[in-house]
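One structure is given here, and the rest of the page talks about it.
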């Protein structure tokens, strides 16, 4: 069973029930070699991991059938969750493919694995389209058979069975494979190994693969991403709805003297410093020099441990972000750790429809959203949802044919409780002029914001970068959408704004709704609006003299 | 003595020699209360700190003159570096200002402080311009007197004396104060407390203050920034040439249940999670629930310890970045932790002349530079230096009047060793056409890059975000600069590029140098260039038929 507790974007914090305990997701499974383990399992447990993944093929090769009497938990002395991979890759390499497909499912059940994987055919990087298609058909066929075998050998479904989506960079094959597997009753889905893409910083391709698969997979099932054990890919993968990861990287990188950091990987020899910038026990205890001077068999487990600490922290951070509803903020931060990550973030354009559907409209905690740039923020679901709603679902109040646009001041939000709004409102009411006036605000980010909704999340809770011109494009384009959608409801517009804002808005109105009358009042600051109340009234009076709209 | 070991931007890793040992800078001094210390000093030492700062006024109030017999080191049981603040703020609050100025310098020498501060008048936030000016004049007067006192009580200058620049947000006063102090012989300079600006996320104001002061202060002296103990401001402050920090924040925040993280501050109660996403010993040991449930006097030192770990990691990271030459990359990352930090980064525009002068032209290690956006990267010194040099210092080779522009391919850099360049070059040579042809590359970021320098750092070592349109403005504007500077050296241009690139470049050439002849050859990829060698030769031949330039 998989239970979803918190959501943000397409990411979720959930609970995965296994026969050896409940796992909070997102979670990462450290890869453990059944024969020879670099980092003792006791240390992995001490780090806070309740789950590991090992290779059923290697277990069988090493321990044979004896394990099934003992169970894998007692052999590895691990009382937490054990996931077993089918060893598809190894089997393929050694040419035993034909023997094992169904046998290996039964073997995983026999040894008491909590989560088992069917013997699929992993898509390799250098294989042409037509062959990948044939291999994927074979994977689908085996998936069907594996489920049939499972029903016989594990009718109570004690072992959760994983159906891996393959297809590599051929996105239509990925999607086809996902669609076929989605029809079958797997407990967990997986997306084929992305290790080589990760090594080459091809984050955008990984994101495209995930999107292709997730479009077809059932939203209620957990999804594992094979071979994505790096902090640069974890947050965006989670944001797209990945719940489970595995990491052999912590050991493989350690073997290679590579240190994983939250924003990059550094070779120990190239770290021109005496310390690794990290607070984990390894980095607190040993200097770079000490690490470099110790023998390999001492250094390797230490670096593996450090790497695992970094991966754990990353998963913890992502969980906090989902609970807070600030996952997008975190993605923007990560996106500036490496240009390839920002490229991957902009690929979310292809998934924006799903993200909009899944993103909760309100946040658990009221936290502001952070707006940095035109390029990324126009993709942000919270932003798009607002713009869409104001253009499509919102109706300006009837009879109010004079649109009065006031500025918004960051220090006095929500704008519909601001000093200048209250002053203008009271004055118009007092003069009997409010009936025909619809007051809106010009937000540098959200465009034209009707006063009735100016306190709705996130309109009053955002921070933006004030001195980057392209950010202002967000507000300009949003204002254009508003005028396009609602100009027929108005006969005239009064702009009480700063000079630059008046120029921009009057240009847009001329363009989109040339028949709208425009009156302008240039102001400097909040105080100057309050000093101009009489002028504003005269303008409204002047416009009111013409007949109201029919 | 202050020795600078490594530089990047205006930041430096250095060694500060004190009578109690050598301090590697940048360094942060945890603030220690001489009377009542939340976190035991032994724990501060265990965290890896060799330095603390305490308050001379409070020391005197608490221990009186007895300390001078014992020395401050024995009273606090700290054998590392001790900096003492003069307690200017406290003295001012209690109205004792008139008594102490010279006395307090002598007192700091007497108690054996390693680094002492004169009794200045800290600029407070709510004080008008004219009063700040009067106060700053008083600070300058006292600075002069303090140095005279120092020459008498500490002629061997065992205690390093700090001259604090004041003036608050009045930048011209800051600059004036810095200019006056720069004429005096202080060992260390300081910039007045920015605590309240920090609390209000006014990072841009802090950056402007630093820039104003640093413009006047001698580059060879270390500079301390008072009250800037937060990871959001440390990297940019270091990049501007700040070497020393102090932090009372680690305790004050802890008292308030505030948890410092590398990218923000979170209130423990609001952290809707069971763990703080951090690998430090405190966060590994205690869950959020446990921390919240323990009594205040147990929780406070634990949170203080966590906060100090985060600050230490930040300083370590910045040092690594300076050594690597990737400080700008780190600033860009930090800038996306909060919009106010990005605003502060764009304020570097005001300091770009100095940064260009100070930035080392080559990096220690050959690492690529990361290009994310038009807004920040056009400010980056490495970038500007290249553009400036190509426009001003570079001379196209004489006699070569046909400018042939080829594309650049990220997978085949440096471009002057790329397959297509070598093919074109050989072909033209073989056909006897190379004499009049100057081959350049069109870089999406650096504009027009002459082949002779295409392997110079950072032209061959950069990564950029490929699918953000505004990033391409960098290349377009750089190309315009090249054509403006050098069009008189050419009679014609041959564009062998993709369609979009041809459109952009021919528009620029028409605009800037309408008399240049343009021939175009639209290509798809690297292979299609190699297939078009004959066409390229014909184009050169056609243009060569006209007389060479005089």
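Protein chains in written order, with the numbering used here: chain X, 29 to 578; chain V, 29 to 578.
Glycine residues also receive a C-beta, built at the ideal position from the N, C-alpha and C atoms.
> If you run the structure through DSSP and keep just helix, strand and coil, what is residue 308 of chain V?
Replying inline: The residue given as residue 308 of chain V occupies position 280 in the second chain. Looking at residue 308 of chain V - three-state DSSP - the assignment turns out to be coil, as it is neither helix nor strand.
>> For chain V, check one thing: does any of its Cβ atoms lie closer than 7 Å to the Cβ of residue 364 of chain X?
In response: Position 336 of the first chain, counted from the start, is the residue given in the question as residue 364 of chain X. With 7 Å as the cut-off, residue 364 of chain X counts as an interface residue toward chain V.
> The beta strand (DSSP E) with residue 145 of chain V in it runs from where to where?
Replying inline: By one-based count along the second chain, residue 145 of chain V stands at place 117. Note, residue 145 of chain V: beta strand (DSSP E), 143-145.
> How about residue 537 of chain V and residue 551 of chain V: are their beta carbons less than 7 Å apart?
Replying inline: For the purposes of this step, residue 537 of chain V is identified with residue 509 of the second chain, where counting begins at 1. For the purposes of this step, residue 551 of chain V is identified with residue 523 of the second chain, where counting begins at 1. Their beta carbons are not under 7 Å apart, which means residue 537 of chain V does not touch residue 551 of chain V by this criterion.
> Which whole-angstrom value describes the C-beta separation of residue 151 of chain V and residue 196 of chain V, a residue pair presumed to lie in contact below a C-beta threshold of 8 Å?
Replying inline: Along the second chain, read from residue 1 onward, the residue named residue 151 of chain V stands at position 123. Along the second chain, read from residue 1 onward, the residue named residue 196 of chain V stands at position 168. The pair is a contact, with the Cβ atoms about 4 Å apart (cut-off 8 Å).
> What residue does the alpha helix (DSSP H) around residue 344 of chain X start on, and which one ends it?
Replying inline: In the first chain, counting from the first residue as 1, residue 344 of chain X sits at position 316. Start and end: 324-352.
> How is the beta strand (DSSP E) around residue 465 of chain X delimited, first residue to last?
Replying inline: In the first chain, counting from the first residue as 1, residue 465 of chain X sits at position 437. Run containing residue 465 of chain X: 465-471, per the beta strand (DSSP E) assignment.
>> Per the DSSP calculation, residue 568 of chain X is bridged to which residue(s)?
In response: As a working note, residue 568 of chain X is residue 540 in the first chain. DSSP output for residue 568 of chain X lists no bridge partner at all.
> How long is the line joining the alpha carbons of residue 434 of chain X and residue 514 of chain X, rounded to whole angstroms?
Replying inline: On the first chain, position 406 is the one that residue 434 of chain X refers to. On the first chain, position 486 is the one that residue 514 of chain X refers to. Cα to Cα, the separation comes out at about 17 Å.
> Using a beta-carbon distance cut-off of less than 8 Å, what residues from the stretch 347-362 of chain X approach chain V?
Replying inline: 347, 348, 351, 352, 360, 361
>> Checking 7 Å against the spacing of the C-beta atoms, do residue 344 of chain V and residue 303 of chain X come in under that value?
In response: As a position in the second chain, residue 344 of chain V is number 316, starting the count at 1. As a position in the first chain, residue 303 of chain X is number 275, starting the count at 1. Contact: yes.
>> Less than 7 Å between CB atoms is the rule here; does residue 403 of chain X satisfy it with respect to chain V?
In response: Locating residue 403 of chain X in the first chain gives position 375, where the first residue counts as 1. So, interface residue.
>> Using a Cβ-Cβ distance cut-off of 7 Å, determine whether residue 491 of chain X contacts chain V.
In response: Here residue 491 of chain X corresponds to residue number 463 of the first chain, with the count starting at 1. For residue 491 of chain X, the answer is yes, since a Cβ of chain V falls inside 7 Å of its Cβ.
> Closer than 7 Å, CB to CB, is residue 183 of chain X near chain V or not?
Replying inline: Locating residue 183 of chain X in the first chain gives position 155, where the first residue counts as 1. Cβ-Cβ to chain V under 7 Å: no for residue 183 of chain X.
> Between residue 374 of chain V and chain X, is there a C-beta pair that is closer than 7 Å?
Replying inline: Counting from one through the second chain, the residue named residue 374 of chain V turns up at place 346. Judged by the 7 Å Cβ criterion, residue 374 of chain V is in contact with chain X.
> Quick one: is residue 321 of chain V buried, meaning 16 or more other Cβ sit within 10 Å of its Cβ, or exposed?
Replying inline: The sequence position of residue 321 of chain V within the second chain is 293, counting from 1. Flag for residue 321 of chain V reads exposed.
> At a Cβ cut of 7 Å, what residues of the stretch 477-504 of chain V count as close to chain X, listed as they run along the chain?
Replying inline: 491, 492, 493, 494, 495, 496, 498
>> Do residue 210 of chain V and residue 163 of chain V count as a contact pair if the criterion is CB distance below 7 Å?
In response: Counted from its first residue, the second chain places residue 163 of chain V at position 135. Counted from its first residue, the second chain places residue 210 of chain V at position 182. Contact: no.
>> Please report the straight-line C-alpha distance between residue 289 of chain X and residue 467 of chain V, rounded to a whole angstrom.
In response: For the purposes of this step, residue 289 of chain X is identified with residue 261 of the first chain, where counting begins at 1. For the purposes of this step, residue 467 of chain V is identified with residue 439 of the second chain, where counting begins at 1. Going by the C-alpha atoms only, they are around 41 Å apart.
>> Distance check for residue 136 of chain V and residue 88 of chain V, CA to CA, integer angstroms please.
In response: Translated into positions along the second chain, residue 88 of chain V becomes position 60. Translated into positions along the second chain, residue 136 of chain V becomes position 108. Residue 88 of chain V and residue 136 of chain V: Cα-Cα distance of roughly 9 Å.
> Under a Cβ-count criterion, where at least 16 other Cβ atoms within 10 Å of its own Cβ denotes burial, should residue 414 of chain X be classed as buried or exposed?
Replying inline: Taking the first chain and counting its residues from 1, the one referred to as residue 414 of chain X is at position 386. Buried: at least 16 other Cβ atoms inside 10 Å.
>> Closest to residue 60 of chain X by C-alpha separation, out of X/36, X/277, X/44, X/165, would be which residue?
In response: In the first chain, the residue the question calls residue 60 of chain X occupies position 32. Measuring from the Cα of residue 60 of chain X, the nearest candidate turns out to be X/277.
>> What does the alpha-carbon distance come out to for the pair residue 139 of chain V and residue 85 of chain V?
In response: On the second chain, position 111 is the one that residue 139 of chain V refers to. On the second chain, position 57 is the one that residue 85 of chain V refers to. Cα to Cα, residue 139 of chain V sits roughly 12 Å from residue 85 of chain V.
>> According to DSSP, simplified to helix, strand and coil, what is residue 562 of chain X?
In response: Looking up residue 562 of chain X in the first chain gives position 534. Helix, per DSSP.
> Under three-state DSSP, which class holds residue 550 of chain X?
Replying inline: Residue mapping note: residue 550 of chain X aligns to position 522 of the first chain, counting from 1. Note: residue 550 of chain X maps to strand in three-state DSSP.
> the ligand FAD heavy atoms versus the CB of residue 351 of chain V: any closer than 6 Å?
Replying inline: In the structure shown, the ligand FAD is absent, as is every other ligand, since no ligand is present at all.
> For residue 380 of chain V, which of V/371, V/361, V/398, V/410 has the nearest alpha-carbon?
Replying inline: The residue labelled residue 380 of chain V in the question sits at position 352 within the second chain. Closest option to residue 380 of chain V, Cα to Cα, is V/410.
> Quick one: what's got a C-beta closer than 7 Å to residue 328 of chain X's C-beta in the same chain, skipping five residues either side?
Replying inline: The residue labelled residue 328 of chain X in the question sits at position 300 within the first chain. Cβ neighbours of residue 328 of chain X beyond the five flanking positions: 66, 282, 283.
> Which residue or residues does DSSP assign as beta-bridge partners of residue 183 of chain V?
Replying inline: Walking along the second chain from the start, residue 183 of chain V turns up at place 155. Answer is none; residue 183 of chain V lacks a bridge partner.
> Does any CB atom of chain V fall closer than 7 Å to the CB of residue 308 of chain X?
Replying inline: In the first chain, residue 308 of chain X corresponds to position 280, counting from 1. Taking Cβ atoms only, chain V reaches closer than 7 Å to residue 308 of chain X, which makes this a yes.
>> Within a Cβ cutoff of 6 Å, which residues of the same chain sit near residue 437 of chain V, ignoring the five residues on either side of it in sequence?
In response: Numbered from its first residue, the second chain carries residue 437 of chain V at position 409. 554.
> How big is the Cα-Cα spacing for residue 55 of chain V and residue 133 of chain V?
Replying inline: The residue labelled residue 55 of chain V in the question sits at position 27 within the second chain. The residue labelled residue 133 of chain V in the question sits at position 105 within the second chain. Computed Cα separation, rounded: 23 Å.
>> Classify residue 495 of chain V: buried if its beta carbon has 16 or more other beta carbons within 10 angstroms, exposed otherwise.
In response: As a working note, residue 495 of chain V is residue 467 in the second chain. Exposed.
>> On the DSSP letters alone, give me the boundaries of the beta strand (DSSP E) that residue 291 of chain V sits inside.
In response: Position 263 of the second chain, counting from 1, holds the residue named residue 291 of chain V. Taken as a continuous stretch (DSSP letters only), residue 291 of chain V belongs to no beta strand (DSSP E), as it is neither H nor E.
> Is DSSP giving residue 53 of chain V helix, strand or coil here?
Replying inline: Residue mapping note: residue 53 of chain V aligns to position 25 of the second chain, counting from 1. Of the three classes helix, strand and coil, the one that applies to residue 53 of chain V here is strand, per DSSP.
> Any Cβ of chain X within less than 7 Å of the Cβ of residue 370 of chain V?
Replying inline: Taking the second chain and counting its residues from 1, the one referred to as residue 370 of chain V is at position 342. Yes, residue 370 of chain V counts as interfacial toward chain X.
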